[in-house]
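Each number in our numbering corresponds to the 1-based position in the sequence shown with 202 added.
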Amino acid sequence: MKVPKKRVKNLSLYRCFEWIYMILYYTGCLCFQLRGESFQLTKANIIYTNFIQISLIFGFLGSVLLKYMDDESYNAMFNRLSPVFKFILAMECFVSAMTYIAVCIKMQTNRYKHLKLLREFKELDAQMQIDFNYIKWNYHKTMRKFTIFTLIGMTYYFTVSFIYLFKLSNCNCDYVATFVF
203 MKVPKKRVKN
213 LSLYRCFEWI
223 YMILYYTGCL
233 CFQLRGESFQ
243 LTKANIIYTN
253 FIQISLIFGF
263 LGSVLLKYMD
273 DESYNAMFNR
283 LSPVFKFILA
293 MECFVSAMTY
303 IAVCIKMQTN
313 RYKHLKLLRE
323 FKELDAQMQI
333 DFNYIKWNYH
343 KTMRKFTIFT
353 LIGMTYYFTV
363 SFIYLFKLSN
373 CNCDYVATFV
383 F
């Protein structure tokens, strides 16, 4: 009786950083995407990335402007703040938007260099697997480590940002409306 062998998935070094690439792609920072065992850069990816970038920037700045223009929202968030806190909040919003724009522009201008370096990285990995074939490379362990640290870092950043925003604005308003905008 023939026992079916379990298929071993061919893992590469790319899989160690899968979540990092996925988060950067879906937030509009990268315009190439990990598909299978390689990165793909298509016109659809570039259109998607530009759409996400424009949506996030206009959504973020539009929500701040909407809260500033509406009297009820303005009174709830900004009325109690001193001029110094208003300036700090305005600078925080401006710097966040400009940082995102700068990162996106830098990533787009260097996208072909990143793809070239990633191909060289994969070639190095393949050569190491050939040269050191007696070593069992444990990509799953590395992938789990990077996935957890990526998600923890992202969650920590967003949690601190929201706590800082609500604490600074002394906001007692509807949290759901704040998260939607």
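Even for Gly, the Cβ is constructed at its ideal location relative to N, Cα and C.
Over what stretch of residues does the alpha helix (DSSP H) that includes residue i continue unbroken?
i: residue 296; result: 285-311
i: residue 260; result: 245-271
i: residue 336; result: Counting along the chain, residue 336 falls outside any alpha helix (DSSP H), and DSSP gives it neither H nor E.
i: residue 394; result: A question about residue 394 goes unanswered here, because the residues of the chain that appear run from 203 up to 383.
Which residue marks the beginning of the beta strand (DSSP E) containing residue i, and which one marks its end?
i: residue 236; result: 235-237
i: residue 241; result: 240-242
Between the Cα of residue i and those of the options, spot the shortest distance and give me the residue it belongs to.
i: residue 302; options: 361, 262, 222, 362; result: 262
i: residue 219; options: 362, 257, 325, 320; result: 320
i: residue 259; options: 305, 311, 237, 314; result: 305
i: residue 315; options: 336, 229, 243, 237; result: 243
i: residue 309; options: 291, 255, 364, 240; result: 255
i: residue 323; options: 297, 237, 241; result: 241
State the Cα-Cα distance for the pair residue i and residue j, rounded to the nearest angstrom.
i: residue 226; j: residue 232; result: 6 Å
i: residue 318; j: residue 360; result: 32 Å
i: residue 268; j: residue 224; result: 31 Å
i: residue 329; j: residue 222; result: 24 Å
i: residue 234; j: residue 252; result: 12 Å
i: residue 366; j: residue 358; result: 12 Å
i: residue 295; j: residue 230; result: 18 Å
i: residue 208; j: residue 313; result: Low confidence applies here, because residue 208 scores a pLDDT of 44, under 50, leaving its location unreliable; read the following figure in that light. Spanning the two alpha carbons is a distance of roughly 37 Å.
i: residue 335; j: residue 327; result: 11 Å
i: residue 275; j: residue 264; result: 13 Å
i: residue 212; j: residue 299; result: Residue placement at residue 212 is poorly supported in this model, since its pLDDT is 48, which falls under 50; the coordinates still yield a value, given next. Residue 212 and residue 299: Cα-Cα distance of roughly 40 Å.
i: residue 338; j: residue 307; result: 39 Å
i: residue 236; j: residue 228; result: 11 Å
i: residue 205; j: residue 364; result: In this predicted model, residue 205 has a pLDDT of only 47, less than 50, meaning its place in the structure is not dependable; the value taken from the coordinates is given anyway. Going by the C-alpha atoms only, they are around 55 Å apart.
i: residue 272; j: residue 297; result: 23 Å
i: residue 362; j: residue 350; result: 18 Å
i: residue 210; j: residue 331; result: In this prediction, residue 210 scores a pLDDT of 43, lower than 50, which makes its location untrustworthy; the coordinate-derived value is nonetheless stated afterwards. For residue 210 and residue 331, the distance between alpha carbons rounds to 16 Å.
i: residue 283; j: residue 311; result: 40 Å
i: residue 257; j: residue 325; result: 36 Å
| said: For the structure I just gave you, are there three or more beta carbon pairs, one from the segment 242-260 and one from the segment 281-290, closer than 8 Å? | reply: Output reads no: the segment 281-290 does not touch the segment 242-260.
With a cut-off of 8 Å, do at least 3 Cβ pairs link the segment 263-280 to the segment 349-357?
no
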